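Take a look at the structure below.
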Amino acid sequence: MDIGAATIVEKLIELWPAGLTVILVCLWLPTPLPGQTNKDKISTWDKSVTLRGGLGYDDNVLLSTENEQESAFWDSGLELMLFRLPVDRHQFYFFLSAEDRRFLKKEVATNKEQTLIAVTQYDYEVTDKWDAGIGLQYIFQDEVFDVSATEATLTTLPLTAHSVELSPSITRQLSEKDEIELEFAVRRQFFRKPLDDYWEGGPQIAWEHAYGDRSKLDLTYSFQWRFYDTRTTRNTEGFTIPDTSLEFRSHEIELSNEHYWDEQRRWRTDTEVGVELNSDNGSDYFGYWRYFAEEALRYQVDAWEVEAQVGASYYSYEHQRVSRSDREKRERASIDASLRGQRTLWKELTGYAELKYEEALSNRETEEYDATTIVMGVDWSF
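Residue 76 is where the sequence shown starts when you use my numbering, and the numbers rise one by one after that.
Below is the structure:
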């Protein structure tokens, strides 16, 4: 991405609280249904807004293998949802999530982390059984990335990234409880150096089966083709091959289940399992198998909600070796776990506490790290 354009975007994101104030005021004005007047007070549009603030602590800000840097931080965030009721076969929603984390310890190498996600989706009910839609997504990230899965020599480092994705789709209702969706996404990914920008795109087909009381089962297959701007292929020993252009091809299958265990829907589990095969257009030096699984348990009653989550992934590389002297095949794994509790304190005011743990394991010692984060704060929804 052009540095001038990227800098402008980053400055706008830093000033998001002031800019969004104007947007929120505008969204507060209702839009009447066709044929109605403002006196009817019924609108095709609805919205929800959540503001968040909290204090926390991170014991490994840079996800370092050694010489970890720890710091307390101030967390602020916003979530905005705007949607249009599908009263005339047209449906629209817009979702915005922004988070700003400021580290309070001056000695830390990075003083902030920022994330912004903006998603908009338009759907049209063509017939009773066919829907068509198009989605647009923008993601901004200024944080520490673990890039070791697809990079030859890099592990974790602070980076700035922007991505834009366009995804048209069609959905076919097979029965009262089954539907199938075909989507084709095109994504442009921008990075600040040293990472390389790329184009990525491909189809995704998903089958969904609803059962019980709002429970569902999903099976998804996706294929993604990635084209890097300047990266070159490598031979099986990891040496770059001049005058080549690196491409990735990825196949992924995922099975997910959202299940409610009681009639009151107090207990819910979310389960995901899947496998990915990644290959490149050279010697397949960057090729790997990835196996992943995640389980989340949520309990909600009255003013309380508690959620526990654990996930793991495992990478197996066919051609990469631990080092020049150690010819064992490279392997890496990651573990993520979290525990979150929240309670309604007063009307739309909610207090929360969250504990997160992440760990990277590898037979390359330079890729290993662990980090624990804890944060407590309040949410205000209106």
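For each residue, glycine too, the CB sits at the ideal point set by N, CA and C. These figures come from a predicted structure and were not determined experimentally.
Using the Cβ count rule (16 or more neighbours within 10 Å means buried), how would you classify residue i?
{"i": "F361", "result": "buried"}
{"i": "H349", "result": "The displayed chain sequence assigns Gly, not His, to residue 349. Per the 10 Å Cβ criterion, buried."}
{"i": "L104", "result": "In this prediction, L104 scores a pLDDT of 44, lower than 50, which makes its location untrustworthy; the coordinate-derived value is nonetheless stated afterwards. The residue is exposed, with fewer than 16 neighbouring Cβ atoms inside 10 Å."}
{"i": "V219", "result": "buried"}
{"i": "I298", "result": "Contrary to the premise, residue 298 reads as Phe rather than Ile in this sequence. The residue is exposed, with fewer than 16 neighbouring Cβ atoms inside 10 Å."}
{"i": "G128", "result": "exposed"}
{"i": "V97", "result": "Low local confidence applies: a pLDDT of 45 at V97 is under 50, so the model's placement there is unreliable, and no value is given."}
{"i": "H165", "result": "exposed"}
{"i": "V136", "result": "buried"}
{"i": "C101", "result": "Caution applies to C101, whose pLDDT of 46 falls short of 50 and renders its modelled position unreliable; the model cannot decide the point."}
{"i": "L130", "result": "exposed"}
{"i": "T235", "result": "buried"}
{"i": "R407", "result": "buried"}
{"i": "F259", "result": "exposed"}
{"i": "S123", "result": "exposed"}
{"i": "D206", "result": "buried"}
{"i": "R399", "result": "exposed"}
{"i": "F457", "result": "exposed"}
{"i": "E182", "result": "exposed"}
{"i": "E440", "result": "exposed"}
{"i": "T311", "result": "exposed"}
{"i": "E188", "result": "buried"}
{"i": "R418", "result": "exposed"}
{"i": "A435", "result": "buried"}
{"i": "R405", "result": "buried"}
{"i": "S320", "result": "exposed"}
{"i": "S223", "result": "buried"}
{"i": "L270", "result": "buried"}
{"i": "L138", "result": "buried"}
{"i": "S250", "result": "exposed"}
Taking just the CA atoms, how far does residue j sit from residue i?
{"i": "L153", "j": "L424", "result": "14 Å"}
{"i": "K422", "j": "R340", "result": "22 Å"}
{"i": "L241", "j": "F265", "result": "15 Å"}
{"i": "P107", "j": "K268", "result": "For P107, the predicted structure reports a pLDDT of 48, less than 50, and the residue's modelled location is therefore unreliable. The matter cannot be settled from this model."}
{"i": "I192", "j": "T125", "result": "15 Å"}
{"i": "V385", "j": "P317", "result": "42 Å"}
{"i": "A227", "j": "D445", "result": "21 Å"}
{"i": "L330", "j": "A371", "result": "14 Å"}
{"i": "E393", "j": "T230", "result": "19 Å"}
{"i": "D221", "j": "L232", "result": "7 Å"}
{"i": "H334", "j": "D401", "result": "46 Å"}
{"i": "W364", "j": "V450", "result": "34 Å"}
{"i": "S388", "j": "Y366", "result": "6 Å"}
{"i": "R263", "j": "F167", "result": "23 Å"}
{"i": "N438", "j": "A412", "result": "22 Å"}
{"i": "Y374", "j": "R343", "result": "7 Å"}
{"i": "D133", "j": "S238", "result": "27 Å"}
{"i": "D345", "j": "A383", "result": "10 Å"}
{"i": "A428", "j": "T448", "result": "11 Å"}
{"i": "Q196", "j": "L257", "result": "15 Å"}
{"i": "E254", "j": "D293", "result": "10 Å"}
{"i": "T246", "j": "A184", "result": "47 Å"}
{"i": "D486", "j": "L211", "result": "This structure cannot speak to residue 486, because the chain is shown only from 76 to 457."}
{"i": "V194", "j": "G313", "result": "38 Å"}
{"i": "Y213", "j": "S244", "result": "18 Å"}
{"i": "Q279", "j": "E347", "result": "17 Å"}
Could you check where the beta strand (DSSP E) with residue i kicks off and where it finishes?
{"i": "G357", "result": "Here G357 belongs to no beta strand (DSSP E), and DSSP marks it neither H nor E."}
{"i": "G277", "result": "273 to 286"}
{"i": "A446", "result": "444 to 456"}
{"i": "K431", "result": "424 to 437"}
{"i": "V381", "result": "379 to 396"}
{"i": "V376", "result": "363 to 376"}
{"i": "E465", "result": "A question about residue 465 goes unanswered here, because the residues of the chain that appear run from 76 up to 457."}
{"i": "T419", "result": "404 to 421"}
For residue i, would you say it is in contact with chain B, using Cβ-to-Cβ distances shorter than 8 Å as the test?
{"i": "F167", "result": "Included in the structure is just one protein chain, with no chain B present."}
Looking at C-beta atoms only, is the number of pairs between the segment 314 to 325 and the segment 351 to 367 that lie closer than 8 Å three or more? yes
Enumerated in chain order, which unbroken segments of the alpha helix (DSSP H) with a length of 4 residues or greater are wholly contained in the segment 289 to 329? none
Sufficient close CB pairs (3 or more, under 8 Å) joining the segment 172 to 182 to the segment 137 to 151: yes
In the segment 112 to 177, which residue ranges form an unbroken beta strand (DSSP E) of at least 3 residues, counting only runs that do not cross its ends? 120 to 133, 146 to 159
In the segment 212 to 278, which residue ranges form an unbroken beta strand (DSSP E) of at least 3 residues, counting only runs that do not cross its ends? Fully enclosed beta strand (DSSP E) runs of 3 or longer: 231 to 248, 253 to 266.
Any chance the segment 298 to 310 sits against the segment 283 to 290, with 3 or more Cβ pairs inside 8 Å? no
On the three-pair Cβ rule with 8 Å, is the segment 154 to 163 touching the segment 139 to 146? Output reads no: the segment 139 to 146 does not touch the segment 154 to 163.
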